[in-house]
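Undergrad: Please see the structure below; I have some questions.
There are 2 protein chains.
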Amino acid sequence: MQHDFARRSNRDRTEATRAHLIAAARKLFTEKSYSETGTPEIVAAAGVTRGALYHHFADKQALFAAVVEQEAAAVAEEIERASPPSLFAHDALIAGSDAYLAAMRAPGRTRLLLLDGPAVLGRAAMDAIDNRHGNRSLREGLVAAMRAQTMTRLPADALTALLASAFDRAALAIEAGASAEDYRAVLMALIDGLSRAPHPAPRPVRTR
Amino acid sequence: MQHDFARRSNRDRTEATRAHLIAAARKLFTEKSYSETGTPEIVAAAGVTRGALYHHFADKQALFAAVVEQEAAAVAEEIERASPPSLFAHDALIAGSDAYLAAMRAPGRTRLLLLDGPAVLGRAAMDAIDNRHGNRSLREGLVAAMRAQTMTRLPADALTALLASAFDRAALAIEAGASAEDYRAVLMALIDGLSRAPHPAPRPVRTR
DNA sequence: GTGTTGCATACATGCAGCCTGTATGTTAAT
DNA sequence: ATTAACATACAGGCTGCATGTATGCAACAC
């Protein structure tokens with residue numbers, strides 16, 4: 074027997090176990106809620122024991138953070154796929170907005186990323202995750218629009234955070250059954266309200 | 074002895090005990106977090122036993138809901154005090170915005186109302202509370218501005234929710250140490266972006 | 001008016017079940 | 001042989017409920 078199937082390298086074992094745990098936790102955290110999901114349930118779904126969990130993660134929160142990170146990355150990837158950099162700034166913003174709202178329709182994502190995430194990890198940690206993933210492209214789009222003079226010049230970080238929060242709230246409302254058209258219309262009106270005529274700059278505008 | 078001090082009517086006892094429990098819970102929920110605060114700690118601070126708690130409240134969540142409700146009412150009251158109905162719609166919006174941001178500087182309020190509240194009670198229940206208190210005046214202000222033709226006409230519920238979420242996020246960012254001026258500037262820009270010249274309408278503006 | 005009787009309210013105490021984190025033991029990789 | 005990757009057992013704490021007790025309260029008798 075040259076190679077035994079049960080014989081795996083430690084690196085593979087770690088990788089597989091972590092992946093199983095994250096996948097099982099993701100499923101449960103999106104179906105129920107963080108506090109309603111116990112570690113016994115998670116490890117049962119992952120086919121391991123609680124010993125494995127606490128070997129790979131410091132605590133339940135750390136596992137949750139890993140799930141959130143992965144899910145935020147998935148959302149960001151869906152957005153970037155929908156808004157290629159070839160588009161003009163304004164069009165890319167629109168495309169990205171719709172992609173975000175579509176991505177957040179995945180069951181349980183809003184609770185995971187928008188309710189439990191901030192409450193369990195704190196707004197600061199959640200901001201760090203968002204800035205590594207989703208908000209990054211939003212911020213870049215806004216800065217591009219401001220540089221192209223098609224948008225009122227404003228503090229980029231604050232503008233990004235506030236627009237992102239409006240998108241978040243829209244996703245929550247839509248999942249709760251509100252009119253997607255209404256919320257989309259308001260989001261677009263907010264963006265358009267910050268927009269200005271593209272090239273000619275009709276009259277000198279005060280920069281600050 | 075006409076009246077015995079130890080002798081209280083049942084109604085008084087109930088009122089006092091509930092008030093003590095809510096006050097103690099409010100203090101702890103604003104200092105720590107919902108999940109980090111145990112019922113033994115709450116009842117100790119309130120000077121009663123867990124039996125009293127579970128006699129007056131269905132569970133820990135119900136007590137939390139009562140605290141949130143009270144705190145939301147307090148915030149709403151601060152706002153209404155700062156934005157009397159005598160002001161013009163736009164000015165009332167600005168005054169109300171500043172009053173909200175000031176009210177949310179009370180220690181722990183952002184976590185209670187903006188992080189734990191939605192996560193523990195759910196966005197739907199939280200919306201119901203907000204609509205009974207703070208959001209009410211915001212919505213009325215927006216509707217007034219739209220009726221006065223000084224603001225783009227948009228679905229009122231969606232607009233209220235999205236602007237409110239932007240205010241919430243601003244309050245969180247400011248508490249986290251971000252520049253209050255930056256966030257205030259962006260909030261004003263968002264509102265101004267939706268505003269239009271009051272009476273003469275200098276040049277025709279595209280409605281949509 | 002006063003005393004008594006019966007019931008509901010307002011708790012206090014103790015218990016059962018669950019969950020989290022850790023410490024210890026065991027097997028397999030290196 | 002040493003270390004990593006687990007499995008198992010344990011300790012502490014917390015929530016919700018069930019049971020017990022004292023007090024308020026209303027009605028009726030006298």
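For the record, the sequence lines run as chains A and B.
Numbering of the first sequence is given in this note's numbering, commencing with residue 74 and proceeding in unit increments.
Numbering of the second sequence is given in this note's numbering, commencing with residue 74 and proceeding in unit increments.
Cβ coordinates follow ideal geometry from the N, Cα and C atoms, glycine included.
Could you name the residues of the same chain whose beta carbon sits closer than 6 Å to that of residue 225/A, not counting the 5 residues immediately before and after it, in chain order?
TA: Taking the first sequence and counting its residues from 1, the one referred to as residue 225/A is at position 152. Hits under 6 Å: 267.
Undergrad: For residue 112/B, report the span of its alpha helix (DSSP H) as first-last.
TA: Start at 1 with the first residue of the second sequence, and residue 112/B comes out as number 39. Where residue 112/B is concerned, the enclosing alpha helix (DSSP H) stretches over 112-119.
Undergrad: Quick check on residue 177/A: does DSSP put it in helix, strand or coil?
TA: Taking the first sequence and counting its residues from 1, one reaches residue 177/A at position 104. Note: residue 177/A maps to coil in three-state DSSP.
Undergrad: How would you list, in chain order, the residues of chain B whose beta-carbon sits under 7 Å from the beta-carbon of residue 239/A?
TA: Residue numbering aside, residue 239/A sits at position 166 when the first sequence is read from its first letter. Result: 235, 238, 239.
Undergrad: Determine the closest residue to residue 148/A out of 134/A, 247/A, 186/A, 114/A, with distance taken between C-alpha atoms.
TA: Counted from its first residue, the first sequence places residue 148/A at position 75. Taking only the C-alpha atoms, the option nearest residue 148/A is 186/A.
Undergrad: If I follow the unbroken alpha helix (DSSP H) through residue 241/B, where does it start and stop?
TA: Position 168 of the second sequence holds residue 241/B. Looking at the DSSP string, the run of the alpha helix (DSSP H) that includes residue 241/B is 229-248.
Undergrad: Look at residue 101/B and residue 125/B and say whether their C-beta atoms are less than 9 Å apart.
TA: Sequence index remark: in the second sequence, residue 101/B carries index 28 (1-based). Sequence index remark: in the second sequence, residue 125/B carries index 52 (1-based). Their beta carbons are not under 9 Å apart, which means residue 101/B does not touch residue 125/B by this criterion.
Undergrad: Which residues in chain B sit within 9 Å of residue 266/A, going by Cβ to Cβ distance?
TA: Within the first sequence, the letter at position 193 stands for residue 266/A. Within chain B, the residues near residue 266/A are 225, 262, 263, 264, 265, 266, 267, 268.
Undergrad: Closer than 9 Å, CB to CB, is residue 111/B near chain A or not?
TA: Your numbering for residue 111/B matches position 38 in the second sequence. Cβ-Cβ to chain A under 9 Å: no for residue 111/B.
Undergrad: Which value, in whole angstroms, describes the spacing of the CA atoms of residue 112/B and residue 195/B?
TA: Here residue 112/B is taken as the residue at index 39 of the second sequence, counted from 1. Here residue 195/B is taken as the residue at index 122 of the second sequence, counted from 1. Computed Cα separation, rounded: 21 Å.
Undergrad: With burial defined as no fewer than 16 other Cβ atoms inside 10 Å of the residue's Cβ, what is the status of residue 230/A: buried or exposed?
TA: If you number the first sequence from 1, residue 230/A lands on position 157. Under this definition residue 230/A is a buried residue.
Undergrad: Are any of the Cβ atoms in chain A nearer than 9 Å to that of residue 230/B?
TA: Looking up residue 230/B in the second sequence gives position 157. It does: the Cβ of residue 230/B has a partner Cβ on chain A nearer than 9 Å.
Undergrad: Using a Cβ-Cβ distance under 9 Å, would residue 169/B count as near chain A?
TA: Working through the second sequence from its first residue, we reach residue 169/B at position 96. Output row for residue 169/B: interface = no.
Undergrad: How about residue 258/B and residue 227/A: are their beta carbons less than 9 Å apart?
TA: Within the second sequence, residue 258/B is the residue found at index 185, counting from 1. Within the first sequence, residue 227/A is the residue found at index 154, counting from 1. Taking 9 Å as the Cβ cut-off, residue 258/B and residue 227/A qualify as a contacting pair.
Undergrad: Would residue 189/A and residue 130/A qualify as a contact pair, given that the criterion is a beta-carbon distance under 9 Å?
TA: Stepping through the first sequence from its first residue, residue 189/A is reached at position 116. Stepping through the first sequence from its first residue, residue 130/A is reached at position 57. Contact flag unset, no.
Undergrad: Taking only beta-carbon positions, decide if residue 180/A is within less than 9 Å of chain B.
TA: For the purposes of this step, residue 180/A is taken as residue 107 along the first sequence, with counting starting at 1. No - not a single Cβ of chain B is within 9 Å of the one on residue 180/A.
Undergrad: I need the boundaries of the alpha helix (DSSP H) containing residue 184/B, first residue and last residue.
TA: As a working note, residue 184/B is residue 111 in the second sequence. Where residue 184/B is concerned, there is no enclosing alpha helix (DSSP H), given that its DSSP letter is neither H nor E.
Undergrad: How about residue 192/B and residue 106/A: do their beta carbons lie closer than 9 Å?
TA: Along the second sequence, one-based indexing puts residue 192/B at 119. Along the first sequence, one-based indexing puts residue 106/A at 33. Against a cut-off of 9 Å, the Cβ pair of residue 106/A and residue 192/B comes out as a contact.
Undergrad: Name the two residues that bound the continuous alpha helix (DSSP H) containing residue 128/B.
TA: What you label residue 128/B is simply residue 55 of the second sequence in a count that begins at 1. Looking at the DSSP string, the run of the alpha helix (DSSP H) that includes residue 128/B is 123-129.
Undergrad: What do you get for residue 214/B, buried or exposed, if any count of 16 or more other CB atoms within 10 angstroms of its CB means buried?
TA: Your numbering for residue 214/B matches position 141 in the second sequence. Counting Cβ neighbours within 10 Å, residue 214/B comes out buried, since at least 16 surround it.
Undergrad: Using a Cβ-Cβ cut-off of 8 Å (strictly less than) and excluding sequence neighbours within five positions of residue 207/B, which residues of its own chain qualify?
TA: Reading the second sequence from its first residue, position 134 is the one you call residue 207/B. So the list reads 145, 148, 149, 152, 173, 237, once near-sequence residues are dropped.
Undergrad: Assuming residue 242/A and residue 232/B form a contact by the criterion Cβ under 8 Å, report the distance between their Cβ atoms to the nearest whole angstrom.
TA: Here residue 242/A refers to the residue found at position 169 of the first sequence. Here residue 232/B refers to the residue found at position 159 of the second sequence. Going by Cβ atoms, the distance from residue 242/A to residue 232/B rounds to 11 Å, so no, they are not a contact pair.
Undergrad: Between the beta-carbon of residue 90/B and the beta-carbon of residue 182/B, is there less than 9 Å?
TA: Along the second sequence, read from residue 1 onward, the residue named residue 90/B stands at position 17. Along the second sequence, read from residue 1 onward, the residue named residue 182/B stands at position 109. Contact: no.
Undergrad: Does the Cβ of residue 109/B have 16 or more other Cβ atoms within 10 Å, making it buried, or fewer, making it exposed?
TA: Locating residue 109/B in the second sequence gives position 36, counting from the first residue. Counting Cβ neighbours within 10 Å, residue 109/B comes out exposed, since fewer than 16 surround it.
Undergrad: Would you list the residues sitting across from residue 268/A in a DSSP beta bridge?
TA: Residue numbering aside, residue 268/A sits at position 195 when the first sequence is read from its first letter. Paired residue(s): 224/A.
Undergrad: Nearest-angstrom Cα distance between residue 262/A and residue 222/A?
TA: Your numbering for residue 262/A matches position 189 in the first sequence. Your numbering for residue 222/A matches position 149 in the first sequence. Cα to Cα, residue 262/A sits roughly 18 Å from residue 222/A.
Undergrad: According to the Cβ coordinates, are residue 253/A and residue 197/B closer than 9 Å?
TA: On the first sequence, residue 253/A is found 180 positions in, with the first residue counted as 1. On the second sequence, residue 197/B is found 124 positions in, with the first residue counted as 1. In this structure, residue 197/B does not lie closer than 9 Å to residue 253/A by Cβ.
Undergrad: So if I threshold CB-CB distances at 8 Å, which residues from the segment 245-260 of chain A count as touching chain B?
TA: Against chain B - using a Cβ distance shorter than 8 Å - the residues of the segment 245-260 of chain A are 245, 246, 249, 251, 252, 255, 256, 258, 259, 260.
Undergrad: Exposed or buried, residue 92/B, counting other C-beta atoms within 10 Å across all chains shown (16 or more means buried)?
TA: Here residue 92/B refers to the residue found at position 19 of the second sequence. Residue 92/B comes out exposed.
Undergrad: Is there a C-beta anywhere in chain A that falls below 9 Å from the one on residue 188/B?
TA: Indexing the second sequence from 1 puts residue 188/B at position 115. At least one chain A Cβ lies under 9 Å of residue 188/B.
Undergrad: DSSP on residue 256/B, reduced to helix/strand/coil?
TA: The count along the second sequence starts at 1 and reaches residue 256/B at position 183. Helix at residue 256/B.
Undergrad: What would DSSP say about residue 251/B, mapped onto helix, strand or coil?
TA: Start at 1 with the first residue of the second sequence, and residue 251/B comes out as number 178. The answer is coil: DSSP assigns residue 251/B none of H, G, I, E or B.
Undergrad: Going by CA-CA distance only, name the one from 244/B, 94/B, 83/B that's closest to residue 179/B.
TA: Here residue 179/B refers to the residue found at position 106 when the second sequence is read from its first residue. Nearest C-alpha to residue 179/B: 244/B.
Undergrad: Taking the alpha-carbon of residue 141/B as reference, which of 83/B, 128/B, 99/B, 88/B has the nearest alpha-carbon?
TA: The count along the second sequence starts at 1 and reaches residue 141/B at position 68. Closest by alpha carbon: 99/B.
Undergrad: With a cut-off of 9 Å, does the C-beta of residue 200/B fall near any C-beta of chain A?
TA: Within the second sequence, numbered from 1, the residue matching residue 200/B stands at position 127. Taking Cβ atoms only, chain A reaches closer than 9 Å to residue 200/B, which makes this a yes.
Undergrad: Given 8 Å as the limit, tell me if residue 210/B has its C-beta closer than that to any heavy atom belonging to the ligand MG.
TA: Of ligands this structure carries none, so the ligand MG is not represented either.
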